[in-house]
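K.L.:
Pasting a structure here, questions to come.
In the working numbering, the protein residues as written are 2 to 471.
Listed below in structure tokens is the structure:
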């Protein structure tokens, strides 16, 4: 039995690592836009443009979270109806999602335009120059709100249609188009912050149209209908999608809070330094995002089959393979702090140069801890432990980073306080995971089963289990 369990663990590790590269690539595509925008902003427009990108980031996070909630809920419902061969209900959910996404897009565009035109962004920054550039940047971003929200929905539905390669093609074309538009609008036409935002927005329209062509061709199972929509399923879409998107909402709120703290205690240069470092770090965050994606699939299957051994194998791989790998990644980032900073700022005498170098040397320390936290949240979501999901999400998403940042900034630590807050956040959430296991087991967990707090009635006893290797 021990030998079979060892073989099972080895096979699970190999399976997860075999699936990992594709998932990292998919996660990486989404971070390229931010990197391109920040490079052009930092090198060809100026630090104030970087400030605008950072100030707008929480709004973009909020819109992405709303899109994530809709696509999660509607995709799961459509998949369920598809499995039940309820084609009319499936198309009803698809149509409801399209209508809802369109309505939310219109409202979001109106709010963003009104804030920009009537200079209502004073809550985001008190710097008049930064606010002027932010207003112009927001007008350019408003053009891309609809394709941002709708493009995410169609990507999810293309997965159900088994047309993932179309999304991949759309993503690659989007990266190329975005790069060309940035060069054209910023270097050739000198359109400044508006051109920076417009390049991203028009790129999103290209991304959307490539995906939409399949649905407009009439070949798709998903079709837009106006009759037969069950409007009561709106509640189900929100209920199902909310648990997965709640962390995104908290992160958006954290963004507004931390931006306000940085603006108050450090100034616009602090936000510019944070944006510069984050745009590079997003490439590396694609690695834990890919790890979570492959683990999520296996955790879901293991929980659905009540296979505690497979579940433990997944989490062993996370703790003893994925986490050490992320430690190595963190060390590499720290070692390359100066070259990464030079992508944006080249004068070591500038304060923003030192702030950016410090970000690359401190923030990566939280990556392995964040990986562990994300996997446990995923595990708790799958097993229906809603209290722990919401408790951990609010801790990880907003409370810890905001509180630690406020204390350290008020104490005069400077931007390093914000970076350290992210690391302390990882330490706190990891301690919460351990404390939760200790409370449930009435003592320190002695094995993986106790660490995961797997219910006694989950799965079967070892004596009733049959393992064989094919």
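Backbone N, C-alpha and C fix where the C-beta goes; we use that ideal spot for every residue, glycine too.
Source: prediction; values computed, not measured.
Go through its chain and collect everything with a Cβ distance to residue 226's Cβ below 7 Å, but skip five positions before and after it.
P.N.:
Within the chain shown, numbered from 1, the residue matching residue 226 stands at position 225. Within the same chain, residue 226 has close Cβ partners 92, 93, 96.
K.L.:
Which whole-angstrom value describes the C-beta separation of residue 199 and residue 144, a residue pair presumed to lie in contact below a C-beta threshold of 8 Å?
P.N.:
The count along the chain shown starts at 1 and reaches residue 199 at position 198. The count along the chain shown starts at 1 and reaches residue 144 at position 143. Yes, they are in contact, since the Cβ atoms of residue 199 and residue 144 sit about 6 Å apart, within 8 Å.
K.L.:
If you draw a straight line from the alpha carbon of residue 376 to that of residue 192, how long is it in whole angstroms?
P.N.:
As a first step, residue 376 is located in the chain shown; it is residue number 375 there, counting from the start. As a first step, residue 192 is located in the chain shown; it is residue number 191 there, counting from the start. Rounded to whole angstroms, residue 376 to residue 192 spans 43 Å at the Cα level.
K.L.:
Kindly indicate which residue of 79, 50, 19 has the alpha-carbon position closest to the one of residue 158.
P.N.:
Here residue 158 is taken as the residue at index 157 of the chain shown, counted from 1. Checking every option, the nearest Cα to that of residue 158 belongs to 79.
K.L.:
Kindly indicate which three-state DSSP category residue 320 falls into: helix, strand or coil?
P.N.:
Translated into positions along the chain shown, residue 320 becomes position 319. In the structure shown, residue 320 sits in a helix (DSSP, three-state: H, G or I).
K.L.:
Please report how far the alpha carbon of residue 50 lies from the alpha carbon of residue 359, in whole angstroms.
P.N.:
As a first step, residue 50 is located in the chain shown; it is residue number 49 there, counting from the start. As a first step, residue 359 is located in the chain shown; it is residue number 358 there, counting from the start. Roughly 21 Å separates the two Cα atoms.
K.L.:
Please report the distance separating the alpha-carbon of residue 328 from that of residue 369.
P.N.:
Here residue 328 is taken as the residue at index 327 of the chain shown, counted from 1. Here residue 369 is taken as the residue at index 368 of the chain shown, counted from 1. Straight-line Cα distance between these residues: approximately 6 Å.
K.L.:
Taking residue 272 and residue 264 to be in contact with their CB atoms under 8 Å, please state how far apart those CB atoms are, rounded to whole angstroms.
P.N.:
Counting from one through the chain shown, the residue named residue 272 turns up at place 271. Counting from one through the chain shown, the residue named residue 264 turns up at place 263. Correct: roughly 7 Å between the Cβ atoms.
K.L.:
Just verifying my parser: in three-state terms, what is the DSSP assignment at residue 342?
P.N.:
Within the chain shown, the letter at position 341 stands for residue 342. Three-state DSSP puts residue 342 in a helix.
K.L.:
If residue 237 and residue 74 are in contact, beta carbons under 8 Å, what's the gap, nearest whole angstrom?
P.N.:
Start at 1 with the first residue of the chain shown, and residue 237 comes out as number 236. Start at 1 with the first residue of the chain shown, and residue 74 comes out as number 73. Going by Cβ atoms, the distance from residue 237 to residue 74 rounds to 7 Å, so yes, they are a contact pair.
K.L.:
Tell me the rounded alpha-carbon separation between residue 341 and residue 38.
P.N.:
Counted from its first residue, the chain shown places residue 341 at position 340. Counted from its first residue, the chain shown places residue 38 at position 37. The straight-line gap from Cα to Cα measures roughly 16 Å.
K.L.:
List the whole-angstrom C-beta distance separating residue 403 from residue 419, where the pair is believed to meet the contact cut-off of C-beta under 8 Å.
P.N.:
Numbered from 1 along the chain shown, position 402 holds the residue referred to as residue 403. Numbered from 1 along the chain shown, position 418 holds the residue referred to as residue 419. The Cβ separation is near 10 Å, so there is no contact.
K.L.:
What three-state label does DSSP hand residue 409 in the structure shown?
P.N.:
The residue you call residue 409 lines up with position 408 of the chain shown. In the structure shown, residue 409 sits in a helix (DSSP, three-state: H, G or I).
K.L.:
Closest to residue 262 by CA distance: which of 110, 412, 42 is it?
P.N.:
Residue mapping note: residue 262 aligns to position 261 of the chain shown, counting from 1. Comparing Cα positions, the closest option is 412.
K.L.:
Who are the near neighbours of residue 449 in its chain, counting only those whose CB is closer than 7 Å to its CB and skipping five residues on each side?
P.N.:
Here the question's residue 449 lines up with position 448 in the chain shown. Cβ neighbours of residue 449 beyond the five flanking positions: 313, 316, 317.
K.L.:
Quick one, are the C-beta atoms of residue 17 and residue 295 less than 8 Å apart?
P.N.:
As a working mapping, residue 17 is identified with position 16 in the chain shown. As a working mapping, residue 295 is identified with position 294 in the chain shown. For residue 17 and residue 295, yes; Cβs fall inside 8 Å.
K.L.:
Taking just the CA atoms, how far does residue 224 sit from residue 421?
P.N.:
Numbered from its first residue, the chain shown carries residue 421 at position 420. Numbered from its first residue, the chain shown carries residue 224 at position 223. Each residue's Cα considered, the two are about 49 Å apart.
K.L.:
Is it true that the CB of residue 415 sits closer than 8 Å to the CB of residue 267?
P.N.:
If you number the chain shown from 1, residue 267 lands on position 266. If you number the chain shown from 1, residue 415 lands on position 414. Yes.
K.L.:
Output needed for residue 390: all residues of its chain with C-beta closer than 8 Å, excluding positions within five of it in sequence on either side, in chain order.
P.N.:
The residue labelled residue 390 in the question sits at position 389 within the chain shown. Within the same chain, residue 390 has close Cβ partners 244, 247, 378, 381, 382.
K.L.:
Given a threshold of 16 other Cβ atoms within 10 Å of its Cβ, counted over all protein chains shown, does residue 136 qualify as buried or as exposed?
P.N.:
The count along the chain shown starts at 1 and reaches residue 136 at position 135. Buried, by the Cβ-count rule.
K.L.:
On a Cα-Cα basis, can you pick out the residue from 279, 446, 292, 367 that is closest to residue 21?
P.N.:
Here residue 21 is taken as the residue at index 20 of the chain shown, counted from 1. Comparing Cα-Cα distances from residue 21 to each of 279, 446, 292, 367, the minimum goes to 292.
K.L.:
Label residue 125 either buried or exposed according to how many other C-beta atoms from any shown protein chain fall within 10 Å of its C-beta, with 16 as the threshold for buried.
P.N.:
For this step, residue 125 is matched to residue 124 along the chain shown. Classification for residue 125: buried.
K.L.:
Taking the alpha carbon of residue 15 as the reference point, which residue from 347, 288, 319 has its own alpha carbon closest?
P.N.:
Start at 1 with the first residue of the chain shown, and residue 15 comes out as number 14. Ranking 347, 288, 319 by Cα distance to residue 15 puts 319 first.
K.L.:
Residue 190: buried (16+ other C-beta within 10 angstroms of its C-beta) or exposed?
P.N.:
The residue given as residue 190 occupies position 189 in the chain shown. It counts as exposed.
K.L.:
Quick check: what's the CA-CA separation for residue 453 versus residue 446?
P.N.:
Walking along the chain shown from the start, residue 453 turns up at place 452. Walking along the chain shown from the start, residue 446 turns up at place 445. Distance between the alpha carbons of residue 453 and residue 446 is about 9 Å.
K.L.:
Could you pull out every residue in the same chain whose Cβ sits closer than 7 Å to the Cβ of residue 41, ignoring the five residues on either side in sequence?
P.N.:
As a first step, residue 41 must be located in the chain shown, where it is residue number 40. Only 183, 187, 197 meet the Cβ criterion.
K.L.:
Buried or exposed, going by whether 16 or more other CB atoms sit within 10 Å of the CB of residue 337?
P.N.:
In the chain shown, counting from the first residue as 1, residue 337 sits at position 336. Exposed, because fewer than 16 other Cβ atoms sit within 10 Å of the Cβ of residue 337.
K.L.:
Count the other CB atoms, across all protein chains shown, that sit within 10 Å of the CB of residue 166; report buried if there are 16 or more and exposed otherwise.
P.N.:
As a working note, residue 166 is residue 165 in the chain shown. When all chains shown are included, residue 166 counts as exposed.
K.L.:
Under 8 Å, do residue 209 and residue 148 count as touching if we go by C-beta distance?
P.N.:
Start at 1 with the first residue of the chain shown, and residue 209 comes out as number 208. Start at 1 with the first residue of the chain shown, and residue 148 comes out as number 147. The answer is yes: Cβ separation under 8 Å.
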